[in-house]
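Step one of this worksheet: look at the structure below.
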Amino acid sequence: MRIKINIFLLATLLMLGSALLFTIMIAAIRLASEEVNAFIIVFYRNLFGFIIVGPILFKNGLNLLKTKKLKIYFLRSFVGLLAMFTWFHGVIYTPLAEAVALNFTMPLFVIIVAALVLTEKIRWRRWLATLIGFTGTLVVLKPGFEVITLGHLEILLSSLFMAIAFILVKKLSLTEPTDKIVLYMLLINTPISFIPALFFWEWPSLYIFMWLIIIGISGTLAHFMFTKSVSLVEITSIIPIDFSRLPMTAVIAYIFFLEKPSLNTFIGGTIIFLSTIYILHREIKNR
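Spelled out as structure tokens, the structure:
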């Protein structure tokens, strides 16, 4: 029993650490955007991510690069970069707490993509939970009462791209180890993300360069900590901790940018998040 408790405590701390690092990353994106374009930020995110994990993943030599799934790797990277571009650009122009609340829709898009593209049979309970989750986005956006901006649409679009990338990673993980998936993502993303960055290129100041490093480090570590957390315990038991991203973001957004999140943001974010927890619960129960 003690071992189980310790494992769950470790998973909880990892999930909290992931949430905090993710929050730091989006605040750093906003700060870096004061001087450099979002395309440049995306490039540095991938570059520093590769610098951090590349040497670790290459410790076993080039054998890790052997694969028969190269087309899927490139498709996953292409979709992942679209998700990154729309997310990074969206958080620049969207109140940060609203961006995080809308980002919780990613699992809802997974249901839709799985049904339409993979022709998975989705039972009515999960469809209902998905519908309820998307009503949460209406609570956040308040259509008819507030202007829905390009930033809001980009955040939702990034969630859709993240969902597609998630499904592709799930397909790859059936035959490919996690370290290979991460390595290929960074190997492909870094040079490809440099191409659009060139059209907007400008060298950042030392102050902004510091934030770009923080984006790369926090984003990479957040990804690893989240993945490790859900690998230790059942995802439905630990994923509620991820909701801490919303209050964390609200606090940081107020301290750094004087953004006061509305009550609708918390209510809508809660509706979205609870619906995703229910969907995950049904997914595991039906296995």
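For the sequence shown, the positions run 12 to 298 when our numbering is used. Ideal placement from N, C-alpha and C gives every residue a C-beta, glycine not left out. Model, not experiment: these values are computed from the prediction.
DSSP three-state assignment for residue i, whether helix, strand or coil
| i | result |
| --- | --- |
| residue 157 | strand |
| residue 82 | helix |
| residue 251 | helix |
| residue 12 | Low confidence applies here, because residue 12 scores a pLDDT of 44, under 50, leaving its location unreliable; read the following figure in that light. Reduced to three states, the DSSP call for residue 12 is coil. |
| residue 48 | coil |
Cβ shell of residue i (< 8 Å), same chain only, five flanking positions each side left out
| i | result |
| --- | --- |
| residue 263 | 34, 35, 38 and 107 |
| residue 197 | 57, 60, 61, 64 and 65 |
| residue 225 | 35, 36 and 39 |
Beta-carbon contacts of residue i that lie in its chain and below 7 Å, excluding the five residues immediately before and after
| i | result |
| --- | --- |
| residue 256 | 30, 33, 34 and 111 |
| residue 21 | 243 |
| residue 47 | 213, 215 and 219 |
| residue 12 | The pLDDT assigned to residue 12 is 44, lower than 50, so where the model puts this residue is not dependable; a value taken from the coordinates is nonetheless given after this. Closer than 7 Å at Cβ, skipping near neighbours: no residue. |
| residue 195 | 84 |
| residue 173 | 94 and 117 |
| residue 199 | 84, 85 and 88 |
| residue 207 | 50 |
Option nearest residue i by Cα separation, candidates the options
| i | options | result |
| --- | --- | --- |
| residue 191 | 174, 167, 83 and 50 | 83 |
| residue 87 | 226, 180 and 245 | 180 |
| residue 287 | 205, 41, 125 and 140 | 140 |
| residue 152 | 143, 142 and 164 | 164 |
| residue 79 | 241, 45 and 185 | 185 |
| residue 125 | 158, 177 and 145 | 177 |
Proximal residues to residue i (C-beta, below 6 Å), its chain only, five neighbours per side dropped
| i | result |
| --- | --- |
| residue 239 | 25 |
| residue 229 | 32, 35 and 36 |
| residue 147 | 279, 282 and 283 |
| residue 201 | 57, 58 and 61 |
Residue i and residue j closer than 9 Å at C-beta
| i | j | result |
| --- | --- | --- |
| residue 162 | residue 203 | no |
| residue 105 | residue 168 | no |
| residue 166 | residue 109 | yes |
| residue 223 | residue 49 | no |
| residue 53 | residue 99 | yes |
| residue 135 | residue 122 | no |
| residue 171 | residue 283 | no |
| residue 18 | residue 211 | no |
Residue i: CB within 8 Å of a non-hydrogen atom of the ligand COA
| i | result |
| --- | --- |
| residue 192 | In terms of ligand content, the structure shown is empty, and the ligand COA therefore cannot be addressed. |
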